[in-house]
Every structure is written in structure tokens, then in C-alpha cells.
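Each step along the sequence shown adds one to the number in the numbering used here, with nothing skipped, and position 186 is 177. From the three backbone atoms N, C-alpha and C, an ideal C-beta is built for every residue, glycine too. Just so you know, these numbers come straight off a predicted model, no measurement behind them. Scroll down for the structure; my scribbles are underneath it.
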Amino acid sequence: MRQTELLISLKNLKKNLQIIKTNTSSDIQAVIKANAYGLGYNEVVECIENDVESFAVITLNEAISLRKYTNKPITLLQGVHEISDYDYIEKYNLDFVVHTHWQVENLSKFNLNQSRIWFKLNTGMNRLGFDQKDFGDVYEKLKSLKAKDLIIMSHLAASSEPENKLNNAQIKLFNEITAGATNKKSLANSGAIFNFPNAHFDIVRSGIAIYGGKYLENGLKPVSKLRSKIISIRKVKKGECIGYDGAWIADKDCRICYAPIGYADGIPYFSSCRKINIDGKQFLTVGKVNMDLIAINLENDNSIKVGDWVEFWGFEDDLTKFSKNFDTISYQLMTNLSGRVEKNYLE
Ligand SMILES: *Cc1c(COP(=O)(O)O)cnc(C)c1O
């Protein structure tokens, strides 16, 4: 079997929830969109179900599959994508966001007594959500429906940047718009859990923090390790080229090893040299990332053998720092991993 795997520490996952709980007294919604940020939502849900008040996904298909594994509330973070989706919301008792007018029209035709409506406001990100001027009308309309509950929410655009003025402007506007409403409220994503305690309100919506992909300075633990076993090593002479388009040329005699992992596994495509670990030592990739392989320059290190593990990131790594090496963000590295990468869970 190809030895290219994502190891997932359920212990650290659980620990991260405990750490989040020491940082907030609000209820926690676990955002498990994109297959729990690549970690596998079945296993993640089973591990943390008792620690959270609800789950959140993007697509109806995710929500319907997830319904088999949990009776807790499941929120569709973008709400319906077409009106007929409300039939499934009824059938599977789903919670849903409303962020724009067409989603609210015709809502009274559906039986929503098992669904909580998440009324989304635009407080400055200018992505999804109702503007302040529309709050009153839409609020009255939503209150008149017989839904199980009505929660008011918004989303912060810059919660990972404590100094960014947008945060307090958004928090202030959210407070202002919702001042007269006694409903439950939700504003914080992972960044705000640590950086903006005044944005916690009743329910915090945490994704990346649970998965240890960011904010490790707050004690969170890395949850995953991506590694691939070397399948070939060859000697290359000075002046010889490596791989597609002969993109890299050896400037001295060296040993090149190959790991069976490529862009089809979710490694971002690049053609410049990037740092990578083998047996605790750092080496550089050479040439272009292939669909199924990556070449790494071992220089004159004779200790590395076929069968050794090439480690991309591990349980000691801050994925946010690591991702900079690949010109990306931890969120993308995690969610990009394809189904071809074996997932193995550690207790
Ligand atoms: C993805 C998402 C979150 C979670 O964000 P993190 O930064 O991963 O904590 C919270 N709220 C909404 C609306 C989202 O789309």
C-alpha cells in the first residue's frame, strides 16, 4: 500500500476543545465544513460531540450525511442555495442561515418547528448578510415564523488581527443593530475566541482552533501530521536535470529521493525549492511538484534510506508558520488534502 498518510490525534482534538472552553463560557458550535477541515467529520463528530452545542457545514449533502451520526443541531452556514432545499431542511431537522432576501420569501410555506433560523447581518465584511437598514423588516418577518428559535449572527472579517480596527467597528455595529433583541447572538469565529472576548455572545463558532491549525500561541495543540514514505533514491551528477521540463539542474553531485505524494493529494503546486523534513533534518524539494511525486535533494546525506518518512507537517509544527513556506494558509493546506490521502486516527 502507498504509505502517504494524514495522522490525526483525537487526544489533541479533544484537548483543543478543553482549551477553547477555558477561553469562553459561551456555547460552542463546531464548524466542520469541508470534511472537518480535511480531518474527517465522522471521526471528529464522534470525538467532540459531547463538548459542543451544534455543528455547522456549508452544503446540504454534508448536512444530510452528518444527520446519520448526530442528533445535535446542524447549521447550514450559507443557508439554502435554492428554495427547494427547504424541503430537506424540514425532513432532516436542519438549522439554517438566512443572509439575503430571496431566502426569506416563501419561508412561511415550510414547517420549521424543528429548525433554528440564524439571521445573518452584514456588519462590515460586506460578504453575506442583511444590512442594518433591512434589519427591522426582516426581523419582524422571521419572528412571525414558527421556527424553533431565532439566533442573530454576523461574521468578523479580521479576527486574527487584534490590532485591526475593523473588529471593534463590527462588534459595535452588531451591538447597535441587535440592542433591542433578546434573541441568542453569535459573532465569534476562532480568532475572536482568543482575541475578542467582547464578541463571544451566546454561541461561538469555532473551526480552525479545534483542528489546531492556528492560534497555537494560546496553548492549542497541532492535531495532524502529513507524511509520505520515500520509494526511490537516485544519484545525480552535476549538470543533470530533474523531472518535468528539466526544471531543476544539479549544481553538484547529489542524491535525490522521491516521495509518493503530489498535487493530486492536495500539495499546492510549486516549482521553487521548499523546506521539508526527513528524520528530523531539513532538506529542499527540487523541480516541479508532480501529480503523484515530489523530489527532494538529500545533497550528500547518506543516512536517509528508502522507507524513511518525509514529513510535511507534524505534531510539533505550527501549521500557520509552515504554510507560509508554501505561500498559502493552514486552512488551505488542510482542506485541500484529497481523498487519496489515507487518514489514520490516533487515540
Ligand atoms: C468557516 C466559518 C467559521 C469558522 O471559522 P474559523 O476561522 O475556522 O474558526 C465561523 N463562521 C462562519 C460563518 C464560517 O463560514
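Exercise for review: Only counting runs of 4 or more residues, tell me where the alpha helix (DSSP H) segments fall wholly within the stretch 112 to 178, in order along the chain.
Suggested key: Qualifying alpha helix (DSSP H) stretches, in chain order: 126 to 134 and 156 to 169.
Notebook entry, point to check: When the distance is taken between beta carbons, is I194 closer than 8 Å to S177?
Noted result: Against the sequence shown, residue 177 aligns to sequence position 186. Against the sequence shown, residue 194 aligns to sequence position 203. In terms of Cβ geometry, S177 and I194 form a close pair [threshold 8 Å].
* **Sequence-distant residues of the same chain with beta carbon closer than 6 Å to L207, five excluded per side** => Numbered from its first residue, the sequence shown carries residue 207 at position 216. Counting only Cβ-Cβ distances below 6 Å, and skipping sequence neighbours, we find D309.
With DSSP as the reference, label S314 as helix, strand or coil. Within the sequence shown, residue 314 is the residue found at index 323, counting from 1. Looking at S314 - three-state DSSP - the assignment turns out to be helix.
- Using CA coordinates, which residue listed in L164, I168, S314 and N7 is at the minimum distance from F303? For this step, residue 303 is matched to residue 312 along the sequence shown. Among L164, I168, S314 and N7, the Cα nearest to that of F303 belongs to S314.
CB-CB under 6 Å to G210, same chain, minus the five flanking residues each way: which ones, in chain order? What you label residue 210 is simply residue 219 of the sequence shown in a count that begins at 1. Same-chain partners within the cutoff: I10.
Which residues bound the alpha helix (DSSP H) around L4?
Here residue 4 refers to the residue found at position 13 of the sequence shown. Counted as a single uninterrupted DSSP element, the alpha helix (DSSP H) harbouring L4 occupies residues L1 to N14.
Are there three or more Cβ pairs, one per stretch, closer than 8 Å when the stretch 281 to 297 is compared with the stretch 218 to 231? Yes: the two stretches touch, three or more of their Cβ pairs being nearer than 8 Å.
Residues in its own chain within less than 6 Å of V36 by CB, not counting five upstream and five downstream? Your numbering for residue 36 matches position 45 in the sequence shown. The answer, listed in chain order, is Y60 and T61.
I'd like to check one pair, S197 with K(-1): are the Cβ atoms closer than 8 Å?
To locate residue -1, count along the sequence shown from 1; it is residue 8. To locate residue 197, count along the sequence shown from 1; it is residue 206. It should be pointed out that residue -1 corresponds to Ile in this sequence rather than to Lys. No. Outside cutoff.
Contact between the stretch 151 to 162 and the stretch 6 to 20 (3+ Cβ pairs under 8 Å): Taking one beta carbon from each stretch, the stretch 151 to 162 and the stretch 6 to 20 have fewer than 3 pairs nearer than 8 Å; the two do not touch.
inquiry  = Whether or not the stretch 269 to 279 and the stretch 321 to 328 are in contact is what I'm after, with contact meaning three or more pairs of Cβ atoms, one per stretch, closer than 8 Å; do they touch?
reply    = As far as the Cβ criterion goes, the stretch 321 to 328 does not touch the stretch 269 to 279, which means the pair count is below three.
_Residues near R265 in its chain [Cβ-Cβ closer than 8 Å; skip 5 each side]_ = Walking along the sequence shown from the start, residue 265 turns up at place 274. Excluding residues within five positions, the ones whose Cβ falls inside 8 Å are L275, T276, N316 and F317.
Practice prompt. Determine the DSSP secondary structure at S56, reduced to helix, strand or coil.
Written response: Along the sequence shown, read from residue 1 onward, the residue named residue 56 stands at position 65. Correct three-state label for S56: helix.
**Prompt:** With respect to 7 Å, is the separation between the Cβ of N26 and the closest non-hydrogen atom of ligand 1 below this value?
**Reply:** The count along the sequence shown starts at 1 and reaches residue 26 at position 35. No, ligand 1 has no heavy atom inside 7 Å of this Cβ.
How would you call G115, buried or exposed, if buried means at least 16 neighbouring beta carbons within 10 angstroms?
-> Indexing the sequence shown from 1 puts residue 115 at position 124. Here G115 is buried, its C-beta having at least 16 other C-beta atoms within 10 Å.
**Same chain, Cβ closer than 8 Å to Y254, neighbours up to 5 away in sequence not counted** = Within the sequence shown, numbered from 1, the residue matching residue 254 stands at position 263. Here the set comprises Y260, V280, N281 and M282.
* C-alpha gap between E34 and I19, whole angstroms -> Here residue 34 corresponds to residue number 43 of the sequence shown, with the count starting at 1. Here residue 19 corresponds to residue number 28 of the sequence shown, with the count starting at 1. Take the alpha-carbon of E34 and the one of I19: they are about 18 Å apart.
Exposed or buried, D256, counting other C-beta atoms within 10 Å across all chains shown (16 or more means buried)?
As a position in the sequence shown, residue 256 is number 265, starting the count at 1. Burial call: buried.
Considering only the alpha carbon of each residue, which of I184, K111 and T50 lies closest to V71?
The residue you call residue 71 lines up with position 80 of the sequence shown. The option with the nearest alpha carbon to V71 is T50.
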